[in-house]
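Below: the structure, in structure tokens.
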Amino acid sequence: MKKIITAGVTVMALTLAGCSNTNTSKNSTKTTVTKKANINTDKTVKINKTSTAYGPLKFKLKSIRYETVENKKSNYTDAEYNISGKLNKKYYRATLNLVLENSGTKPIDLSMGTRTYTVDSGIGFPTHGSTEGGALEEVISTLQPKSKINFPVYLISNNKFTANHLKISFDGLWGPKDMESIADSGSAEIK
């Protein structure tokens, strides 16, 4: 009889302990998920607009992904490593999904020159920028005549911004041979 009572008490104690652990685990998981949701906000905006022409170039801004990023190396893209200055504990990153079209008759060397991406507030994000506004393009190639290229551009800043009405300023366009000038400085804009 003692063995049956002891076994019953042991089973009951284990059952109650298991219920308590399951409840605690669920609460811990909910807390973690809530904290992560507050740190990284993420929103994608579809734009699908084409810019004004700059020389033989036009670009189409397909979409923008806006993020509030916690400053950890594990969250970095190449863009964070290519800007000068110190990023805040939380900073802002936008990924522009662009299509660039060369409607001209000559190839364009996209690795030549610098560009500045101007956002809605009028702040410029140069390709050699700082934490106040910096851009990284993931395109270093020659754009052939009558062709298009898809590429992302990362905009990084310590200050929140939007880029729905984007302007790209160029310091010039050059061909791949002997730095042949194709266009002087100018800009293309989505209004």
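Numbering (the numbering used here), first residue to last: 35 to 225. Note that the Cβ used here is the ideal one computed from N, Cα and C, for glycine as well.
Exercise. Take residue 155 and list the residues in its own chain whose beta-carbon comes closer than 8 Å to its own, dropping the five residues that flank it on each side.
Key: Counting from one through the sequence shown, the residue named residue 155 turns up at place 121. Taken in chain order, the residues that qualify are 195 and 196.
Quiz item: What separation, rounded to the nearest whole angstrom, lies between the Cα atoms of residue 198 and residue 114?
Solution: Counting from 1 along the sequence shown, the entry for residue 198 is found at position 164. Counting from 1 along the sequence shown, the entry for residue 114 is found at position 80. Going by the C-alpha atoms only, they are around 22 Å apart.
Quiz item: DSSP beta-bridge partners for residue 217?
Solution: Reading the sequence shown from its first residue, position 183 is the one you call residue 217. Answer is 207, bridged to residue 217.
Practice problem: Taking all protein chains shown into account, decide if residue 267 is buried (16 or more other Cβ within 10 angstroms of its Cβ) or exposed. | Solution: An answer regarding residue 267 cannot be provided, because it is not within the stretch 35 to 225 covered by the chain.
Practice problem: To the nearest angstrom, report how far apart residue 168 and residue 202 are at their CA atoms. | Solution: Locating residue 168 in the sequence shown gives position 134, where the first residue counts as 1. Locating residue 202 in the sequence shown gives position 168, where the first residue counts as 1. Whole-angstrom Cα-Cα distance: 13 Å.
Quiz item: Which class does residue 109 belong to by DSSP, given the choice of helix, strand or coil?
Solution: Within the sequence shown, residue 109 is the residue found at index 75, counting from 1. Residue 109 falls in the helix class under three-state DSSP.
Quiz item: Is DSSP giving residue 114 helix, strand or coil here?
Solution: In the sequence shown, counting from the first residue as 1, residue 114 sits at position 80. In the structure shown, residue 114 sits in a helix (DSSP, three-state: H, G or I).
Self-check item: Spatial distance of residue 79 from residue 214 (CA atoms)
Solution: The residue labelled residue 79 in the question sits at position 45 within the sequence shown. The residue labelled residue 214 in the question sits at position 180 within the sequence shown. For residue 79 and residue 214, the distance between alpha carbons rounds to 37 Å.
Self-check item: Close beta carbons around residue 225, own chain, < 7 Å, minus the five adjacent residues each side
Solution: Stepping through the sequence shown from its first residue, residue 225 is reached at position 191. Once the five neighbours on either side are set aside, the close Cβ partners of residue 225 are 199.
Quiz item: Just how far apart, CA to CA, sit residue 143 and residue 209?
Solution: Here residue 143 is taken as the residue at index 109 of the sequence shown, counted from 1. Here residue 209 is taken as the residue at index 175 of the sequence shown, counted from 1. One C-alpha to the other measures close to 5 Å.
Self-check item: Range covered by the beta strand (DSSP E) that runs through residue 130
Solution: Indexing the sequence shown from 1 puts residue 130 at position 96. Looking at the DSSP string, the run of the beta strand (DSSP E) that includes residue 130 is 124-136.
Quiz item: Taking the DSSP output, what are the residues bridged to residue 104?
Solution: The residue labelled residue 104 in the question sits at position 70 within the sequence shown. Its beta-bridge partners are 124.
Practice problem: Answer with buried or exposed for residue 141, where buried requires no fewer than 16 other C-beta atoms within 10 angstroms of its C-beta. | Solution: Here residue 141 corresponds to residue number 107 of the sequence shown, with the count starting at 1. That one is buried.
Practice problem: Kindly identify the DSSP beta-bridge partner or partners of residue 95. | Solution: Numbered from its first residue, the sequence shown carries residue 95 at position 61. Paired residues: 83 and 132.
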